[in-house]
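Residue numbers (our numbering), protein chains in the order written: chain A, 13 to 349; chain B, 18 to 385; chain C, 13 to 335.
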Amino acid sequence: MVVVGVPRALLYYVYFPFWRRFFSELGVEVVLSAPTSEDFFIAGAKAVVDEVCAPVKIAMGHILSLAPHVDYVLVPRFVSVEPRTYICPKLMGLPDMIRHNGLKMPPLLAPDIDLSRGYLGLGQVLTETSRVLGKGWWESGRAFYRALPEVSRTRRQLMTGLTPEEAFHGTLRLHQPGRRLRIALLGHPYSIYDPLLSMNIIERLRSLDVDVVTAEMLPDEHIALGLARLQKKLFWTLSKMVLGAGLYFLHHDSEVEGIIVMSSFGCGLESLVGDMLERFARRQEFPMLHLTVDEHSAEAGLVTRLEAFVETVRGRTSHAHHLSPYGNAELGNASAP
Amino acid sequence: MRITFPHMGTLSLAMQALLENLGLEVVMPPPITSRTLSLGAKYSPECVCLPFKVNIGNYIEAMELGADTVVMAGGIGPCRLGYYAELQREILFDLGFNAKMIVLEPPQGGVTELWGKISSLTRGHNILSVARVFYFAWRLAKSLDNVEKTLHHVRALEKTRGLCDIIWSDAQSTIGRARTLRELWAAETRIKERLATLPLRTGGAPLRVGLVGEIYMLLEPKVNLGLAERLGYLGVEVHRSMFVSDWVTHHLVPDPRAKILARKVKRAAKPYLRGHVGGHGLETIGHSVLYAEEGMDGIIQVLPLTCMPEIVAQSILPTVSQKYEVPILTLVMDEHAGETGLQTRLEAFVDMMRSRKKQGGSVLKYGN
Amino acid sequence: METRVYLGVDVGSVSTKLVAIDSMGRVLGDCYLQTQGQPIRAIQKGLDEVRRVLPQNATVAGVATTGSGRVIAAALLGADIVKNEITAHATATLRVLPAARTIIEIGGQDSKLILLNHGVVTDFAMNTVCAAGTGSFLDRQAHRLGLPVEDLGELALQAKKPTRIAGRCAVFAESDMIHKQQSGHSLPDIVAGLCEALVRNYMNNVGKGKTVKGPVSFQGGVAANTGIRKAFEVALETPVVVPEHYRVMGALGAAYLAAETVGKSVFRGFGVVEANCHAISEPCLSCGNSCEVVRFVMEGRVLAHWGDRCGKYSNKQLSSAGS
């Protein structure tokens, strides 16, 4: 039986149930890499140019870890998942960056996922998977058709307030009353849900008695409401989630009391979108904390900033002071706004 | 309406001609200086690409001189350029400048949308006259590009150092001032004569280097610190993969020759990069392959810090370098790029190319 | 019978080095001092020191300058050859270690990697943007720990289990170190981790994609640090040699190049040690370039210009290309 490795990184956090179902319908065994640990980072950083962002380095580490155990590693060439919108240039170049990094890399299963010009682009996925895995085109088509509902099912699960890992692996989270403070955590899914990169921020916030809301937990209509405030359509899918959710919380939602934005150091998309969101929040004097993460493990810094932010927001709520909470922090560097 | 635009090499001269021929009032942004860069860096997000920062510097300095409208290029992604205008507008707003941004780009909603956007610029002109004005601006840009291309090739051989630069200065002011085809032809003739009578050394076989990378860094000499000129003084014949008129032809006008070249570049890149990554990442690889096949002695890639498409290209170029045994130098630049550092790298690169060429044979094989 | 000597001067942003050799290529004297933002004074001081160790009948038959301050050094001293540091380092290394295939040089602000084959530089790389893989990073951390930077090496060798210190950005790395210190990691372990971090940053940035072959020559001020040398040996899996004159290899290479001077040297004489000089820079507004032109003045006389792209001011073409 053919074995395909799925790296627990990048768009795993959005599409894993789809791939899991797809490969199972095809009779292909799926191996998932372990949760991110520091070794993945170290190994991954060696395999790619230094200027690239941390999530890509982490993904490289996952790919390398899977190599000895599988026949192919799944690294789709993610160009676009909706018309006229893209994911990110680095992800568009990822399979080729891997093939040409001069190191011994495992064979890839790298279908093009390009819907920028319409849904017919999906045909390529079937062609490529059939070719590499040796299955018939119709067989792949049927597996695809059966797996497709997983995409919306996953969305619905996330909207109930679960994180991807909780949804994918069937963890039940009991609703705990008494958590009054709702704070939004916005960022690309492979940053905020990655245990290493995010330094388990979701768990930490929950332990501070905070109800965490992410963009993935919002229904599409709410994101669209937020995005409607923009003068020009954004052409990055992940940024649309971040900015759309951010604008929704700023203007249409009265339950979320603060926003935490988590971006990777060097992320091109976030350099624009993160700044825009900050400006909009500042104009409303809405509490916002901007965290920049990269390879490092100074958790003390993160904990301090989180606690300070949560206290500030809690203070505002209970005393209704009109305090401007203005702070913008990079971990490891206390800079003035 | 007092219009300004960002600097990008000779594009500013073409823009000025375009807008003045439409009868509009133009505020030329002051030349890029360290003040421009500081202003830009101060008011832009830290990790945004250098072109964005320089744009902001240009806009602020132009607004200080009374401009209230910005005309600039845009895009449809995935390169950040497509969303520059949106954030720039917000930054200017927060600084107290209520600027109107007119963005020229492939429309998201059809040709009527594009016409609607530029209608404020073309008031009082019919479509034929607008077409004529755009054609003239493009022709002016092409004229300057042809002069620049020639100078890139001959600077390595000039007998009197600095003469090429004087001709370039002259070209920019005479051709740049033309507003009718007749004036343009006159200016071109004059410059052609100067070029024809430029004293050159004979018997030299200068090193040949291809320049690839992100378009803004390639075209704007103030941010690439006069890269092409420096190479010329070091005795190198420069071949640059992009010029202003090429960009316009490729992105805004359906020119068949441009399309053919674009396909050739894409085909050359195919074995290394399967498809687009936004910006000019694919072109960087394609041009590098074509330059290598033409027997260039070296290739230099220039990119601004954090440029995503070029980072992808940067990680793949070593394979091209190895395959064709051609040295490739990558220069990552930001607003604090030091001139001495650049000069050192260029000199070392030129020395290396020269000694490799002299030695020839086995030393050129990588991994030997 | 006069002894012909050749001077090599390497003016860097952090340190200035001078080396004097005889016509057989033997080192007669060398000098290493802090530039401290005043290159002219540093060169004068260095020249004064070197002068003392030269034989009585010495005449300077050739001078070459290199480093980021090579132009000002050439204006001050009168130089026959001005070359970039890559070539200078390669020249020196190939003379003292002809079999060397790789040079790793880590200076205060710059790091370089130079690949050699058959006596020729076949490839090189310099750090792209930041300082995380350079000497200034180490200096800053040593200062923060209250240790002399020279002692870091020995301390690192005492480590039992080097702490992993993360961060390609010096700021992130520092915050990580602070955290680890406060978690109780021992000082030797942290310092060893620091050395490994520097090597890792160097390899990921300067060394990325380059095939490093041995023998490797490790030079520059940081080469004194045995902890770093060992970390390189482990990372590269090949022996790493630190040449005798590791601190002044750039100047040594320049001196070897100076020895190729034909005819009379343009050296201005040891009198420049006491000369009153300064450099003034002004923008030239003749054309759109607005170059910052530097005027070098000694005892009231303008001796040299540089910084103009067109050459209007500079008399001599001070570049390494032949013309």
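Quick reminder that beta carbons are idealized off the backbone N, C-alpha and C, glycines included.
Because the structure is a prediction, the values reported are computed rather than measured.
One question on the structure: do residue i and residue j come within less than 9 angstroms of each other, judged by their Cβ atoms?
| i | j | result |
| --- | --- | --- |
| A/PRO67 | A/ASP287 | no |
| C/CYS207 | C/LYS242 | yes |
| A/ARG216 | A/LEU314 | yes |
| C/VAL218 | C/PHE244 | no |
| B/PRO46 | B/SER61 | no |
| B/VAL3 | B/ASP162 | The requested residue 3 of chain B is not part of the displayed model; chain B covers only 18 to 385. |
| A/GLY153 | A/SER275 | no |
| B/GLY298 | A/PRO231 | no |
| C/TYR214 | C/GLY232 | no |
| C/THR77 | C/LYS57 | no |
| B/VAL253 | B/ARG225 | yes |
| B/GLU246 | B/THR27 | no |
Whose C-alpha, out of the options, is nearest the C-alpha of residue i?
| i | options | result |
| --- | --- | --- |
| B/GLU42 | B/ALA58, B/VAL65, B/MET18, B/LYS239 | B/MET18 |
| C/ARG113 | C/PHE230, C/TYR325, C/GLU256 | C/PHE230 |
| A/PRO107 | A/LEU284, A/LEU120, A/LEU134 | A/LEU120 |
| A/SER45 | A/SER128, A/ARG20, A/VAL61 | A/ARG20 |
| C/ASP135 | B/ALA58, B/VAL343, B/ILE20, B/LEU320 | B/VAL343 |
| A/VAL322 | A/GLU307, A/GLY130, A/ILE272 | A/ILE272 |
| A/LEU351 | A/LEU132, A/SER92, A/LEU38 | Here chain A comprises residues numbered 13 to 349, so residue 351 of chain A is not present and cannot be evaluated. |
| C/TYR268 | C/VAL75, C/GLY120, C/TYR325, C/LYS29 | C/VAL75 |
| C/PRO51 | C/VAL183, C/ARG152, C/LEU88 | C/LEU88 |
| B/LEU363 | B/ILE317, B/THR336, B/LEU322 | B/ILE317 |
| B/CYS2 | A/ALA320, A/PHE292, A/LEU284, A/VAL26 | Any question about residue 2 of chain B goes unanswered here, given that chain B covers just 18 to 385. |
| A/ARG89 | A/LEU237, A/GLU177, A/LEU242, A/LEU134 | A/LEU134 |
| A/LEU255 | A/GLU282, A/ASP265, A/THR139, A/MET229 | A/GLU282 |
| A/GLU297 | A/HIS263, A/ALA320, A/ALA122 | A/HIS263 |
| B/THR53 | B/TYR76, B/LEU35, B/GLN33 | B/TYR76 |
| B/LYS239 | B/LYS374, B/ASP351, B/SER305 | B/ASP351 |
| C/GLY275 | C/MET36, C/VAL72, C/LEU59, C/THR146 | C/VAL72 |
| C/ALA270 | C/ASP42, C/ASP92, C/ARG38 | C/ASP92 |
On the three-state DSSP scale, how would you describe residue i?
| i | result |
| --- | --- |
| A/ASP124 | strand |
| C/ALA333 | Because C/ALA333 carries a pLDDT of 28, less than 50, the predicted location of this residue cannot be relied on, and no value is offered for it. |
| B/MET118 | strand |
| B/LEU346 | strand |
| C/GLN46 | strand |
| B/LEU322 | coil |
| A/VAL273 | strand |
| B/GLY74 | helix |
| B/ARG8 | As displayed, chain B neither begins before 18 nor continues past 385, which places residue 8 of chain B out of reach and without an answer. |
| B/GLU175 | strand |
| C/CYS303 | coil |
| A/ALA293 | helix |
| B/LYS340 | helix |
| C/CYS289 | strand |
| A/THR316 | helix |
| B/GLU246 | helix |
| B/GLY141 | coil |
| C/ILE177 | coil |
| C/LYS29 | strand |
| A/ALA341 | With a pLDDT of 40 at A/ALA341, under the threshold of 50, the modelled position of this residue cannot be trusted; read the value that follows with caution. Residue state, collapsed to three classes: coil. |
Taking the alpha helix (DSSP H) that residue i falls in, what are its first and last residues?
| i | result |
| --- | --- |
| B/THR206 | 198–213 |
| C/LYS337 | Any question about residue 337 of chain C goes unanswered here, given that chain C covers just 13 to 335. |
| A/ARG154 | 149–159 |
| A/GLU233 | 232–239 |
| A/PHE90 | Looking at the DSSP string, A/PHE90 is not in any alpha helix (DSSP H); the run it does join, the beta strand (DSSP E), is 89–92. |
Which residue comes first and which comes last in the beta strand (DSSP E) that contains residue i?
| i | result |
| --- | --- |
| B/THR167 | Not the beta strand (DSSP E): B/THR167 falls in the alpha helix (DSSP H), residues 144–171. |
| A/GLY105 | No beta strand (DSSP E) holds A/GLY105; the alpha helix (DSSP H) holding it covers 101–111. |
| C/HIS317 | 313–318 |
Practice prompt. Would you mind listing the beta strand (DSSP E) stretches within the segment 189–276 of chain C that are 3+ residues and don't spill past its ends, in chain order?
Written response: Those beta strand (DSSP E) runs which fall completely within the segment 189–276 of chain C and span 3+ residues are 228–231.
Worksheet item: In chain order, which continuous runs of the alpha helix (DSSP H) of length 4 or greater are located wholly inside the segment 83–114 of chain B?
Response: The qualifying runs are 98–111.
Item to complete: Pick out the complete beta strand (DSSP E) segments inside the segment 73–132 of chain C, 3 residues or longer, and give them in chain order.
Response: As far as the segment 73–132 of chain C is concerned, its whole beta strand (DSSP E) runs of at least 3 residues are 114–118, 123–129.
Worksheet item: Along the chain, which unbroken stretches of the beta strand (DSSP E) at least 3 residues long are found entirely within the segment 47–75 of chain A?
Response: Within the segment 47–75 of chain A, no run of beta strand (DSSP E) at least 3 residues long lies entirely inside it.
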